[in-house]
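Chains as they are written, first to last, in the working numbering: chain E, 110 to 455; chain Z, 110 to 455; chain G, 110 to 455; chain U, 110 to 455. Structure, as structure tokens:
Protein chains: 4
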Amino acid sequence: MKSTKVGIINVTGYVGVELARLLHQHPYVEITSVTGRSAAGQKLGRFFPNLATYDLTITAELGDCEVVFSAMPHKESARECAPLVKQGLRVIDNSADFRLHNPQDYPDWYGFTHPAPELLKEAVFGLPELHRQALTSTKLCANPGCYPTGAILALAPVVKENLIGPDIVIDSKSGVSGAGRTLSLGTHYSEVNEDISAYALEGHRHLPEITQELNLLNPRQKHAVTFIPHLTPMTRGILSTCYATLFPGKLAAGKKGVEELRQLYTDFYKDKPFVWIAADPPHTKQTYGSNFCTVYPTISPQTGKLIVISCIDNLVKGAAGQAIQNMNLMLGLPEVTGLQALPVYP
Amino acid sequence: MKSTKVGIINVTGYVGVELARLLHQHPYVEITSVTGRSAAGQKLGRFFPNLATYDLTITAELGDCEVVFSAMPHKESARECAPLVKQGLRVIDNSADFRLHNPQDYPDWYGFTHPAPELLKEAVFGLPELHRQALTSTKLCANPGCYPTGAILALAPVVKENLIGPDIVIDSKSGVSGAGRTLSLGTHYSEVNEDISAYALEGHRHLPEITQELNLLNPRQKHAVTFIPHLTPMTRGILSTCYATLFPGKLAAGKKGVEELRQLYTDFYKDKPFVWIAADPPHTKQTYGSNFCTVYPTISPQTGKLIVISCIDNLVKGAAGQAIQNMNLMLGLPEVTGLQALPVYP
Amino acid sequence: MKSTKVGIINVTGYVGVELARLLHQHPYVEITSVTGRSAAGQKLGRFFPNLATYDLTITAELGDCEVVFSAMPHKESARECAPLVKQGLRVIDNSADFRLHNPQDYPDWYGFTHPAPELLKEAVFGLPELHRQALTSTKLCANPGCYPTGAILALAPVVKENLIGPDIVIDSKSGVSGAGRTLSLGTHYSEVNEDISAYALEGHRHLPEITQELNLLNPRQKHAVTFIPHLTPMTRGILSTCYATLFPGKLAAGKKGVEELRQLYTDFYKDKPFVWIAADPPHTKQTYGSNFCTVYPTISPQTGKLIVISCIDNLVKGAAGQAIQNMNLMLGLPEVTGLQALPVYP
Amino acid sequence: MKSTKVGIINVTGYVGVELARLLHQHPYVEITSVTGRSAAGQKLGRFFPNLATYDLTITAELGDCEVVFSAMPHKESARECAPLVKQGLRVIDNSADFRLHNPQDYPDWYGFTHPAPELLKEAVFGLPELHRQALTSTKLCANPGCYPTGAILALAPVVKENLIGPDIVIDSKSGVSGAGRTLSLGTHYSEVNEDISAYALEGHRHLPEITQELNLLNPRQKHAVTFIPHLTPMTRGILSTCYATLFPGKLAAGKKGVEELRQLYTDFYKDKPFVWIAADPPHTKQTYGSNFCTVYPTISPQTGKLIVISCIDNLVKGAAGQAIQNMNLMLGLPEVTGLQALPVYP
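The structure is reproduced here in structure tokens:
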């Protein structure tokens, strides 16, 4: 039953452990190899006690497998993945290394020259709600960043339908696990607890992904996105509050316009099993531990401004869960396979 | 496939929503009825947005079903459950109403006279690690309290083997969800956040359950349990730190004795799929959202005192998950059915 | 020394207890009367154990005093305060009842007709950084809302100097204590912990205060403010992220423009002891328990958008501390008297 | 007025910043020198933004001062402090280096041979509630550990009066700031949040301090203390739950005995301004940011066991505040000088 062999490169971070947690519930694939340089030789189930039931040893080198998830940092990930793609393996990369179509974005935003620019054309940006078809036939999936996942899903319907102007504000609030398992003062408990702060005011690296996808959805205008992420005292979850100016006359006035807007979203996501159009303003907790994204579009009665809020679990729909969703598509499986667990609440 | 019809009485609290979350993953049962007085008429998936995929309406009265979970408060639960048991339904009661064998405990500890004392003999205390056999043949399961589950699992091996004296201290630390969804100043966010406190110093209602089960495990002595629960600023999880005096001469001195102790625990729980003997001091987070209980027994090198620490998720192994584990046994299913999701970490 | 007698109406909420905490450090005033209907007869130091050193009993009616802080809810507060003002007492009202100059705002935003509209002209909006002079000669101070305090201080310099257009987004993130001590599901620990959500998307009651003050600062344009508050899993603190479009040509391009902007803020707040222009993006924790407000203005390098972030402790600068700052001005004392304790970090 | 010059060695940790925060309110001393190797040359108010009002630069070497607080780690602190003591400065050491009277405890518990064992006799254990007299005449104060402060204050009255047997359990729950500002996986936000765990099961270094002081209080018996600390998801606060067996016949039975016990505590602490005998089970939050310790003694009605709970803020009464309290005594000032700010609640 569990017939497809899966490997995880760099299992020792939060994306790695989350992949292993979620794949445990997958009926058709089996993890056969997990790597991690510093932890090589250790039992996976001791390194991460929540994975105690796994009987796997972390190794330095990748073993035999057909599908590979890379949870390496950017720059290193491209180097690891490129040969695997060339060997014909299916690769889902969780780094940014294959997300951006323009090779120049790598020196500009990430400070390195891309080692395999020829793969950028082959790679598919792994947001299944936008690129499902392409994902079914690629061998290289660039799993999106956590912030772009929530932000693009919040804005796609109105951008696609050319309802809003190019000046967009995305104010995102993320749990701390998005910063990973590597230690830093900014993720030290006593610093983050009972605190909120904005960061990356000079421009966050997820910005070019967001702009790229919005521009693809509506090539008639170049979007000017002001994206400010905030660190919030919680482990998981991203809530993005998006603000834009509606073109006049496209929606009815007042509550009627809000209804039309909600209908537009409902239609856009009608066959997307992981996007819920929320009936009430959403909470990150309503997606905790799950692959769901809740989206709530509305219009300010005072200013007529479009406001769209989306919530995801940054480690699931924003990383490991979406990676598995993409794997399912790449393997010809139903998109939801192994991902139907409901959010953990409260 | 999903052939057994299940009902949940009083779905609107945290045990109710957790039952619905977990049963969503169960391959053989289907929820057909959910009740809740104040919320009757509302859609379950709107009342609890994490259950959005359910197409069920909350009703005032229980509909057709074969298995019933009661999540009613004590006293009311006995009144609801008694007729259902008599009708031949399988009932798993999450209240305290059928946990205590001595009818006098109800006026003493809960302030009411038991309305169906004849059922107390029929009911099985639903800790499968101790009473698996009896659970396979009962129609009435008294699902244990959250604190007793963790505490009894921590102490059962040494009590059963008569290794410790009767004077036992159980210092438990619980997440706030254990206090339920009903509002109180003690569970108001600004009061509980960044705070820890002890409560029920006059004697917590879970004490008689603990004492009853320990006395059954070792009838040679009457256990004098000092049990102090603490409210901890987290949503889920109970960590119990148990202290007792080891009878001299039963275990080797020093590290050898700790090894013997660990072996005793490993043997005791060897065919109990949800109890893990932890290699390192356990964290509640290592059980988050799952039905696992981690147990860590050791001996103080300075004082020779036995120290056993256990962790559970109070809403899963401490409530809804254990209830499903019991249902599985009552239905003749493998104990682990639908409960194998790994803990959510971090 | 402690010669001015002070009373607190409705001491039993979070603003009341914070007033008592802060006034304990004030060298020149003494609390002589504290009221609270439901708690009348109880010792203040038992009702709020952090006030254990106070030897005061909560009463139903206000006793003898010269200065009164009202911590009543809106609508009731106006009724309590109006006669006191007429008796010649100095009154600092923490409700919204005297903040808005336009009487029609009360039915529109608060659902009641103002009982003492004649006092609206007399009342001074108690933001000392804008209205210090008027505060020194009033008997009735309308202490601002928590959100308006942070938002207006963030925007005042650029609005005053006519640097930005009228279309403003204020995305605020508040700790839970802002919702008070009254119980609600939305402030129940297990609901709020590990969660973030937006609320009041239909228009928050603090919006008219913000708009009123911005319009006063720059009457050349009518400001269209989109203000979305968010509930954040922390007890204290508000971070407001404000977005606006800079008029072209008013500031230099690039980093030079940011420097000019920072200088503008530094100049604007140069004799305002409680406003700090932050060197780095600010954290709410850097104001915890104190009357300071940190402000960080910058410009997006990608879009040229103005971004200003401010942080306050919602219960101090956003409520009780600012009320005392206003009292100091009303009594002719130095503004900082009794308020110089530094923020509690970490 | 601010006439005594004070220095802080290693101001860059949490004890250092807390000393600076608290001394800001002290009327008679002035910080003239702050050291910190890695941060030398930086402005104190930029390094710690909550200290923005300080105009001090962190230096590598200590400047001119009369009183020195050392916030160095153990072993290094003794080396720094010994010459200062010999120069005649008053030194308050926050490390463990002068707390233990028996030089052999240093190799046994801390792994180093004490470099200045002759000073161990001169040093006074800085718990003013026990050693006030000695503190007024010493030049070297060993400020106690955070856990010992709370635990000893909880137990001192009953130990001193010989009411309990030697077998004592201390189950302590600490906020994360007790682990300091140095990064570790164990204090990484995503690991600690929504988690509780026990640690140092092999014996925590604070144990010998506790035992030393209890043995001094009642030399008739050698106390066997089982002390288990727990890490709790909060920044500040320690709650210690202490369990012991009361000698029979010393207190009346039932509620009368509890009253006698409370009276004993009230009498013991009657002239100790920072210890409050709590009327209700205490909360750490009731001491937040302050130098107070709340103590709640009671007796289990079921088992007759003594239970005493104490709460402190680990960084104030458990470190910096107590250090200043000791400084006051060493300088002949009233014990409470500069330390009377009430706890921050909620």
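Beta carbons: idealized from backbone N, C-alpha and C, even for Gly.
- Query: Can Thr-258 (chain U) and Ile-421 (chain U) be called in contact, C-beta distance under 7 Å?
  - Reply: Position 149 of the fourth sequence, counting from 1, holds the residue named residue 258 (chain U). Position 312 of the fourth sequence, counting from 1, holds the residue named residue 421 (chain U). Yes. Within cutoff.
- For a contact meaning CB atoms closer than 7 Å, what does Val-301 (chain G) contact in chain Z? The count along the third sequence starts at 1 and reaches residue 301 (chain G) at position 192. Those within 7 Å of Val-301 (chain G) in chain Z are Tyr-298.
- Are there 16 or more other CB atoms within 10 angstroms of the CB of Asn-159 (chain G), so buried, or fewer, so exposed? As a position in the third sequence, residue 159 (chain G) is number 50, starting the count at 1. Classification for Asn-159 (chain G): buried.
- Query: Hey, does His-313 (chain U) have any beta-carbon neighbour from chain Z nearer than 7 Å?
  - Reply: Walking along the fourth sequence from the start, residue 313 (chain U) turns up at place 204. With 7 Å as the cut-off, His-313 (chain U) does not count as an interface residue toward chain Z.
- Message: Taking only three categories from DSSP, how would you classify Ile-487 (chain E)?
- Response: Residue 487 (chain E) is absent from the structure shown; chain E starts at 110 and stops at 455.
- Nearest to Gly-254 (chain Z) by CA position, among Z:Ala-263, Z:Ala-205, Z:Ala-243, Z:Gly-274, is which residue? Taking the second sequence and counting its residues from 1, one reaches residue 254 (chain Z) at position 145. Selected option, being the one with the closest Cα: Z:Ala-205.
- Pro-328 (chain G) burial status per 10 Å Cβ neighbour count (16 or more: buried): For this step, residue 328 (chain G) is matched to residue 219 along the third sequence. Flag for Pro-328 (chain G) reads exposed.
- Starting from Ser-409 (chain Z), follow its DSSP beta bridges and name the residues at the other end. Along the second sequence, read from residue 1 onward, the residue named residue 409 (chain Z) stands at position 300. Paired residues: none, contrary to the question.
- Hey, out of E:Thr-341, E:Thr-141, E:Lys-426, E:Glu-311, whose CA is closest to Pro-382 (chain E)'s CA? Taking the first residue of the first sequence as position 1, residue 382 (chain E) is located at position 273. Checked all of E:Thr-341, E:Thr-141, E:Lys-426, E:Glu-311; the closest Cα to Pro-382 (chain E) is E:Lys-426.
- Message: Taking CB distances under 7 Å as the criterion, tell me whether Tyr-352 (chain Z) reaches chain U.
- Response: Here the question's residue 352 (chain Z) lines up with position 243 in the second sequence. Cβ-Cβ to chain U under 7 Å: yes for Tyr-352 (chain Z).
- What residues in its chain sit with their C-beta under 7 Å from that of Thr-403 (chain G), if we drop five residues either side in the sequence? Translated into the one-based positions of the third sequence, residue 403 (chain G) becomes position 294. Result list for Thr-403 (chain G): Trp-385, Ala-387, Pro-391, Gln-395, Thr-396, Ser-419, Cys-420, in chain order.
- Task: Can you have a look at Val-445 (chain Z) and say buried or exposed, based on whether 16 or more other CB atoms are within 10 angstroms of its CB?
- Result: Here residue 445 (chain Z) is taken as the residue at index 336 of the second sequence, counted from 1. Val-445 (chain Z) counts as exposed, since fewer than 16 other C-beta atoms from the protein chains shown sit within 10 angstroms of its C-beta.
- Task: Find the residues of chain E that neighbour Arg-130 (chain Z), judging by a C-beta separation of less than 9 Å, and give them in chain order.
- Result: For the purposes of this step, residue 130 (chain Z) is taken as residue 21 along the second sequence, with counting starting at 1. Here the neighbours are Ala-450, Leu-451, Pro-452, Val-453, Tyr-454.
- Mind checking who Ile-279 (chain U) pairs with in its DSSP beta bridge? For the purposes of this step, residue 279 (chain U) is taken as residue 170 along the fourth sequence, with counting starting at 1. DSSP output for Ile-279 (chain U) lists U:Phe-336, U:Cys-351 as bridge partner(s).
- Query: Run through DSSP, which three-state label would Arg-199 (chain G) get?
  - Reply: Taking the third sequence and counting its residues from 1, the one referred to as residue 199 (chain G) is at position 90. Reduced to three states, the DSSP call for Arg-199 (chain G) is strand.
- Task: Name the residue from E:Leu-128, E:Glu-368, E:Leu-294, E:Tyr-123 whose alpha carbon lies nearest to the alpha carbon of Gly-430 (chain E).
- Result: The residue given as residue 430 (chain E) occupies position 321 in the first sequence. Cα-wise, what sits closest to Gly-430 (chain E) is E:Leu-128.
- Item | Proximity winner among U:Leu-171, U:Ala-243, U:Leu-323, relative to Lys-230 (chain U) (alpha-carbon distances) | To locate residue 230 (chain U), count along the fourth sequence from 1; it is residue 121. The residue with the shortest Cα to Cα distance from Lys-230 (chain U) is U:Ala-243.
- Message: Does the CB of Gly-430 (chain G) have a neighbour CB from chain U at under 7 Å?
- Response: Taking the first residue of the third sequence as position 1, residue 430 (chain G) is located at position 321. So, not an interface residue.
- Task: Can you give me the Cβ contacts of Glu-175 (chain G) inside the same chain, cut-off strictly under 8 Å, excluding the 5 residues immediately before and after it?
- Result: Taking the first residue of the third sequence as 1, we reach residue 175 (chain G) at position 66. Cβ neighbours of Glu-175 (chain G) beyond the five flanking positions: Thr-113, Lys-114, Val-115, Leu-198, Arg-199.
- Item | Local Cβ density within 10 Å of Gly-398 (chain U), reported as buried at 16 or more and exposed below that | Position 289 of the fourth sequence, counted from the first residue, corresponds to residue 398 (chain U). Gly-398 (chain U) comes out buried.
- Query: How many angstroms separate the CA atom of Leu-209 (chain Z) from the CA atom of Pro-338 (chain G)?
  - Reply: The sequence position of residue 209 (chain Z) within the second sequence is 100, counting from 1. The sequence position of residue 338 (chain G) within the third sequence is 229, counting from 1. Computed Cα separation, rounded: 49 Å.
- With distances taken from CA atoms, which of U:Ile-433, U:Met-439, U:Pro-455, U:Gly-441 is nearest Leu-448 (chain U)? As a working note, residue 448 (chain U) is residue 339 in the fourth sequence. Of the listed residues, the one whose Cα sits closest to Leu-448 (chain U) is U:Ile-433.
- Message: Quick check: what's the CA-CA separation for Asn-211 (chain G) versus Lys-184 (chain G)?
- Response: Here residue 211 (chain G) refers to the residue found at position 102 of the third sequence. Here residue 184 (chain G) refers to the residue found at position 75 of the third sequence. Taking the straight line joining both Cα atoms gives about 15 Å.
- Message: Under 8 Å, with one C-beta from each stretch per pair, do the region 307-324 of chain G and the region 372-381 of chain G reach the 3-pair mark?
- Response: Too few Cβ pairs lie closer than 8 Å, so no.
- Message: Using a Cβ-Cβ distance cut-off of 7 Å, determine whether Tyr-344 (chain G) contacts chain Z.
- Response: The residue labelled residue 344 (chain G) in the question sits at position 235 within the third sequence. Correcting the residue identity first, residue 344 (chain G) is Thr in this sequence and not Tyr. Interface with chain Z (7 Å Cβ-Cβ cutoff): Thr-344 (chain G) is included.
- Distance, Phe-207 (chain G) Cα to Pro-266 (chain G) Cα: Within the third sequence, the letter at position 157 stands for residue 266 (chain G). Within the third sequence, the letter at position 98 stands for residue 207 (chain G). Spanning the two alpha carbons is a distance of roughly 24 Å.
- Query: Which bits of chain Z does Ala-387 (chain U) rub up against, with CB to CB less than 7 Å?
  - Reply: Along the fourth sequence, read from residue 1 onward, the residue named residue 387 (chain U) stands at position 278. Simply none; closest approach about 10 Å.
- In or out: Phe-221 (chain E) buried (at least 16 other Cβ within 10 Å) or exposed? Residue 221 (chain E) sits at position 112 when you count from the first residue of the first sequence. The residue is exposed, with fewer than 16 neighbouring Cβ atoms inside 10 Å.
- Message: Only counting the same chain, and skipping five residues up and downstream in sequence, which positions put a Cβ closer than 8 Å to that of His-240 (chain Z)?
- Response: As a first step, residue 240 (chain Z) is located in the second sequence; it is residue number 131 there, counting from the start. Same-chain partners within the cutoff: Val-233, Phe-234.
- What is the residue span of the alpha helix (DSSP H) that Glu-318 (chain E) lies within? Taking the first residue of the first sequence as position 1, residue 318 (chain E) is located at position 209. For Glu-318 (chain E), the enclosing alpha helix (DSSP H) starts and ends at 316-326.
- Query: For the region 152-165 of chain Z, which residues have a beta carbon sitting closer than 8 Å to at least one beta carbon of chain E?
  - Reply: Arg-155, Phe-157, Pro-158, Asn-159, Leu-160, Ala-161, Thr-162
- Message: At the level of alpha carbons, what is the spacing between Asn-435 (chain G) and Lys-195 (chain U)?
- Response: In the third sequence, counting from the first residue as 1, residue 435 (chain G) sits at position 326. In the fourth sequence, counting from the first residue as 1, residue 195 (chain U) sits at position 86. Those two C-alpha atoms are separated by around 51 Å.
- Element boundaries [beta strand (DSSP E), containing Ser-419 (chain Z)]: Here residue 419 (chain Z) refers to the residue found at position 310 when the second sequence is read from its first residue. First-last of the beta strand (DSSP E) with Ser-419 (chain Z): 415-421.
- Could you tell me which residues DSSP pairs with Leu-249 (chain Z) in its beta bridges? Within the second sequence, numbered from 1, the residue matching residue 249 (chain Z) stands at position 140. Under DSSP, the beta-bridge partners assigned to Leu-249 (chain Z) are Z:Val-200.
- Query: Taking just the CA atoms, how far does Pro-226 (chain E) sit from Gly-172 (chain E)?
  - Reply: Taking the first residue of the first sequence as position 1, residue 172 (chain E) is located at position 63. Taking the first residue of the first sequence as position 1, residue 226 (chain E) is located at position 117. Distance between the alpha carbons of Gly-172 (chain E) and Pro-226 (chain E) is about 26 Å.
- What residues in its chain sit with their C-beta under 7 Å from that of Ala-361 (chain Z), if we drop five residues either side in the sequence? Reading the second sequence from its first residue, position 252 is the one you call residue 361 (chain Z). Excluding positions up to five away in sequence, the list reads Glu-369.
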